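Trainee: Take the sequence shown: its position 209, counted from the start at 1, is 221 in the numbering used here, and no numbers get skipped. Even glycine gets a Cβ: it sits at the ideal position worked out from N, Cα and C. As the structure is a computational prediction, the values presented were derived from the model and not from experiment. Let me begin by handing over the structure; questions about it come next.
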Amino acid sequence: MDNDDQPVGRLLTRREMLKLLGALGATLAVGCAPRLPGATATGATATTAPTAPTTAPISPTTAATTATTTATNVPAAAVATAVPACVVRPEQTEGPYFVDTQLNRADIRADTSDGTPRPGAPLALGFLVSRIGDTCAPLPGAVVDVWHCDAEGVYSGVSDNNFGSTVGQDFLRGYQVTDAGGAATFTTIYPGWYRGRTVHIHFKIRLEENGATYEFTSQLYFDDTFTDAVYAAAPYAARPNRDTRNANDGIYRDGGNLLTLAVAPAGDGYAAVFEIGLQV
Numbered sequence: 013m014d015n016d017d018q019p020v021g022r023l024l025t026r027r028e029m030l031k032l033l034g035a036l037g038a039t040l041a042v043g044c045a046p047r048l049p050g051a052t053a054t055g056a057t058a059t060t061a062p063t064a065p066t067t068a069p070i071s072p073t074t075a076a077t078t079a080t081t082t083a084t085n086v087p088a089a090a091v092a093t094a095v096p097a098c099v100v101r102p103e104q105t106e107g108p109y110f111v112d113t114q115l116n117r118a119d120i121r122a123d124t125s126d127g128t129p130r131p132g133a134p135l136a137l138g139f140l141v142s143r144i145g146d147t148c149a150p151l152p153g154a155v156v157d158v159w160h161c162d163a164e165g166v167y168s169g170v171s172d173n174n175f176g177s178t179v180g181q182d183f184l185r186g187y188q189v190t191d192a193g194g195a196a197t198f199t200t201i202y203p204g205w206y207r208g209r210t211v212h213i214h215f216k217i218r219l220e221e222n223g224a225t226y227e228f229t230s231q232l233y234f235d236d237t238f239t240d241a242v243y244a245a246a247p248y249a250a251r252p253n254r255d256t257r258n259a260n261d262g263i264y265r266d267g268g269n270l271l272t273l274a275v276a277p278a279g280d281g282y283a284a285v286f287e288i289g290l291q292v
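In structure tokens, the structure reads:
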């Protein structure tokens, strides 16, 4: 899949960003993800000063009561009016922790073996996927996989010298299929950190079309100052200071500025929308 590091078309205006975040917030199930007030949306950098939410991050007990609630996709009509542009993003390494769990679910916080969600600040994460050709158009039917570590820096489904074996577990993993507007939404938590990497979320977009298979893999990042504010609260505050920030992460330096989410405080957590154009 071809890609480069330059925007194609135009970035969303602030009004379009606010409208899109409002649409995402309106369609997330109550209790499953934070309600979105008028705030920022996706972009290369955050547009407002990062602040922690006014209420405490969701507790494991509260999360357990909502883990089975499913977030819904952004309506196609809202996407069509709010998202007129494509932005090409750079591909980045898949990393060692991808597991093709084939879990079709919007709320990826819980482990399916026992229904227990991972504690952490809720994060409503939306993707808007477009096809770049002679024109820019929403791309329906694309499979969007998301996976990342928990607040302790632990991935599910793998064995690692740093945290042992989580084989057989599947927390913080799942996929959604883009709707007619090219939208897919997830309910997750703000990720933690582990040694040698800045804070990030992995994603993979796959599409089968006309007998061919396309795949795009990359990572999402967060503003360091915003992360500092999030990490001042439980459960993140119980851990020592992270050892790697964006500026000294070798993978981030390879185009990470074009993969950085603009995250907005929202209710008991946070929200962000990521727009991406694919040359397929």
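Distance, Cα to Cα, residue 153 vs residue 109?
Mentor: Approximately 25 angstroms, taken between the alpha carbons.
Trainee: Would residue 188 and residue 198 be called neighbours here (beta carbons separated by less than 8 angstroms)?
Mentor: Yes, Cβ-Cβ distance for residue 188 and residue 198 is below 8 angstroms.
Trainee: Taking buried to mean at least 16 other C-beta atoms within 10 Å of its own C-beta, is residue 147 buried or exposed?
Mentor: Residue 147 should be labelled exposed.
Trainee: Assign residue 284 to one of two classes, buried (16 or more other C-beta atoms within 10 Å of its C-beta) or exposed (fewer than that).
Mentor: It is buried - the Cβ of residue 284 has at least 16 other Cβ atoms within 10 Å.
Trainee: Residue 133: which of 273, 262 and 239 sits nearest, CA to CA?
Mentor: Minimum Cα distance to residue 133 is reached at 239.
Trainee: Could you tell me the alpha carbon to alpha carbon distance between residue 128 and residue 145, rounded to whole angstroms?
Mentor: Roughly 43 angstroms separates the two Cα atoms.
Trainee: DSSP three-state label for residue 243, please.
Mentor: Residue 243: coil per DSSP, three-state reduction.
Trainee: Measuring alpha carbon to alpha carbon, tell me which of 149, 111 and 130 ends up nearest residue 119.
Mentor: Residue 130 is the option with its Cα nearest to residue 119.
Trainee: How many whole angstroms separate the CB atoms of residue 137 and residue 143, which I take to be in contact at a CB cut-off of 8 angstroms?
Mentor: That pair is no contact at about 21 angstroms.
Trainee: Can you have a look at residue 230 and say buried or exposed, based on whether 16 or more other CB atoms are within 10 angstroms of its CB?
Mentor: By the 10 Å Cβ count, residue 230 comes out buried.
Trainee: Taking just the CA atoms, how far does residue 235 sit from residue 242?
Mentor: So the two alpha carbons sit approximately 11 angstroms from each other.
Trainee: Hey, out of 167, 192 and 211, whose CA is closest to residue 268's CA?
Mentor: The candidate whose alpha carbon is nearest that of residue 268 is 211.
Trainee: Let me know the secondary structure DSSP gives residue 281 once reduced to three states.
Mentor: Strand at residue 281.
Trainee: Applying the criterion that 16 or more other CB atoms from any shown protein chain within 10 Å of the CB defines a buried residue, is residue 114 buried or exposed?
Mentor: Residue 114 should be labelled exposed.
Trainee: Do residue 217 and residue 155 have their C-beta atoms within less than 8 angstroms of each other?
Mentor: Yes.
Trainee: What separation, rounded to the nearest whole angstrom, lies between the Cα atoms of residue 275 and residue 287?
Mentor: Rounded to whole angstroms, residue 275 to residue 287 spans 13 angstroms at the Cα level.
Trainee: Take residue 249 as the anchor and find which of 204, 149 and 168 has the nearest alpha-carbon.
Mentor: Selected option, being the one with the closest Cα: 204.
Trainee: Helix, strand or coil for residue 229 per DSSP?
Mentor: Residue 229 falls in the strand class under three-state DSSP.
Trainee: By the DSSP assignment, the beta strand (DSSP E) with residue 155 in it spans what residues?
Mentor: Per DSSP, residue 155 belongs to the beta strand (DSSP E) from 155–159.
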